Amino acid sequence: MNGSPVFSKIGTVGLVLMAVLVWLVPNSVVVADDREDAKVLVGKWKYQGFLGDDYELKADGTYTINGLGGKGTDWTVKRGKLIFTPIFGKVSEYEFSLSPDGDTLKFNGNTYKRGS
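The sequence shown begins at 51 in my numbering and counts up by one.
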């Protein structure tokens, strides 16, 4: 029975499905640290400099830049990176750092302070 064509096809399909899952899982995994970082990042962030954008990272996973955006925009933290998905355009991923007191955020070479 192990040499039957039906078993071979089922075995091949199973191997292909497993290969796809192995490829997808590392790209979609959110670890506990990412969830904790995301919770801490929720809020308004004011640019510290002369010209720059202010961000609001909302708890529902949307964001605004200078008050624009919201529905259709997404942000998250995955694999230690801050990821912005705009309505149109390219997804942006940034390494980021957060001060121990949680009031200073740095990413993309810019510094932001928690705002109100």
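In this text, a Cβ means the ideal position worked out from N, Cα and C, and glycines have one as well. From a predicted model like this one, the values you see are computed outputs, not experimental measurements.
- prompt: Excluding sequence positions up to five away, which residues of its chain have a Cβ less than 6 Å from the Cβ of L107?
  reply: L91, V92, Y113, W125
Local Cβ density within 10 Å of L155, reported as buried at 16 or more and exposed below that: L155 counts as buried, since at least 16 other C-beta atoms from the protein chains shown sit within 10 angstroms of its C-beta.
query: My guess is that G117 and I137 are in contact by the Cβ rule of under 8 Å, so how many angstroms apart are they, rounded?
result: By a beta-carbon distance limit of 8 Å, G117 does not contact I137. Their separation comes to about 15 Å.
query: In three-state terms, what does DSSP make of D124?
result: strand
message: Taking the straight line between their C-alpha atoms, what separation do you get for P150 and A88?
response: 15 Å
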